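Number of protein chains: 2
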Amino acid sequence: MEKLSEDQIDKKLAKLDGWKYSKNAIHTSFQFENFKDAFTVMTRIAFEAEAQQHHPNWGNVYNELEISLSTHDADGVTEKDFKLAQAIEEIIEAG
Amino acid sequence: MEKLSEDQIDKKLAKLDGWKYSKNAIHTSFQFENFKDAFTVMTRIAFEAEAQQHHPNWGNVYNELEISLSTHDADGVTEKDFKLAQAIEEIIEAG
Numbered sequence: 001m002e003k004l005s006e007d008q009i010d011k012k013l014a015k016l017d018g019w020k021y022s023k024n025a026i027h028t029s030f031q032f033e034n035f036k037d038a039f040t041v042m043t044r045i046a047f048e049a050e051a052q053q054h055h056p057n058w059g060n061v062y063n064e065l066e067i068s069l070s071t072h073d074a075d076g077v078t079e080k081d082f083k084l085a086q087a088i089e090e091i092i093e094a095g
Numbered sequence: 001m002e003k004l005s006e007d008q009i010d011k012k013l014a015k016l017d018g019w020k021y022s023k024n025a026i027h028t029s030f031q032f033e034n035f036k037d038a039f040t041v042m043t044r045i046a047f048e049a050e051a052q053q054h055h056p057n058w059g060n061v062y063n064e065l066e067i068s069l070s071t072h073d074a075d076g077v078t079e080k081d082f083k084l085a086q087a088i089e090e091i092i093e094a095g
């Protein structure tokens, strides 16, 4: 899986909602009503990540969720990250 | 819920396994076989945290889990944090 250029990343980010590129990864954050809602979404994302065999770097405090995606083997952002980002967007929109 | 002194925290930490105090919080980390195992434990912890109405500041990357506990309202570590830490220890030991 090939590392994308910053130009390629910018074009792909334009198709997502609220993601930013920095430090060789793409990042987003979400705020929910409470912990239960945050963890419910995390669980949906966990199943999707496991199915894609590509996993997020993420952190949660109460109703806040921060997610960073990068591809370790490529030392940067690849199509894998955008595939998972797209799935996360769909989970959030469905939630 | 009253903020504990560093002496009180040290005594309580001695009864736990692998937790450290720094920056007004207690911290630990765990490593699992894979993401699924890590998230399974996170789910158990999430139910316990919700039951206690006291939630962790935590982050996960693949098989690694980092947890910090503090009590926002007390601006430090309280009995609530040690109660949740104890429950987390039990979940880990049972896992």
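From first to last, the protein sequence lines stand for chains P and H. Using UniProt numbering, read the first sequence as starting at 1 and increasing by one per residue. Using UniProt numbering, read the second sequence as starting at 1 and increasing by one per residue. All C-beta atoms in this analysis are idealised placements derived from N, C-alpha and C, irrespective of residue type, glycine included. Since the model is a prediction, treat every value here as computed from it, not as a measurement.
Residue i to residue j span [Cα, whole Å]
{"i": "residue 85/H", "j": "residue 16/H", "result": "8 Å"}
{"i": "residue 10/P", "j": "residue 91/H", "result": "42 Å"}
{"i": "residue 88/H", "j": "residue 50/P", "result": "24 Å"}
{"i": "residue 71/H", "j": "residue 94/P", "result": "33 Å"}
{"i": "residue 44/H", "j": "residue 2/P", "result": "36 Å"}
{"i": "residue 22/H", "j": "residue 4/H", "result": "13 Å"}
{"i": "residue 69/H", "j": "residue 52/P", "result": "31 Å"}
{"i": "residue 33/P", "j": "residue 61/P", "result": "12 Å"}
{"i": "residue 36/P", "j": "residue 56/H", "result": "12 Å"}
{"i": "residue 96/P", "j": "residue 29/P", "result": "Summary: the structure shown does not reach residue 96/P, with chain P confined to residues 1 through 95, and so no result is reported for it."}
{"i": "residue 83/P", "j": "residue 82/H", "result": "40 Å"}
{"i": "residue 31/P", "j": "residue 31/H", "result": "27 Å"}
CB contact flag (residue i, residue j, <8 Å)
{"i": "residue 13/P", "j": "residue 41/P", "result": "no"}
{"i": "residue 54/H", "j": "residue 80/H", "result": "yes"}
{"i": "residue 47/P", "j": "residue 46/H", "result": "no"}
Nearest residue (CA-CA) to residue i, options the options
{"i": "residue 7/P", "options": "39/P, 77/P, 95/P", "result": "77/P"}
{"i": "residue 25/P", "options": "36/P, 31/P, 74/P, 61/P", "result": "74/P"}
{"i": "residue 27/P", "options": "35/P, 33/P, 18/P", "result": "18/P"}
{"i": "residue 63/H", "options": "31/P, 37/P, 58/P", "result": "58/P"}
Residue interval of the beta strand (DSSP E) (run including residue i)
{"i": "residue 23/H", "result": "Residue 23/H -> no beta strand (DSSP E), and no H or E assigned at all."}
N- and C-terminal bounds of the alpha helix (DSSP H) containing residue i
{"i": "residue 10/H", "result": "6 to 13"}
Note down, one range per segment and in chain order, each beta strand (DSSP E) of at least 3 residues found wholly within the region 27 to 81 of chain H.
-> 57 to 61, 64 to 69
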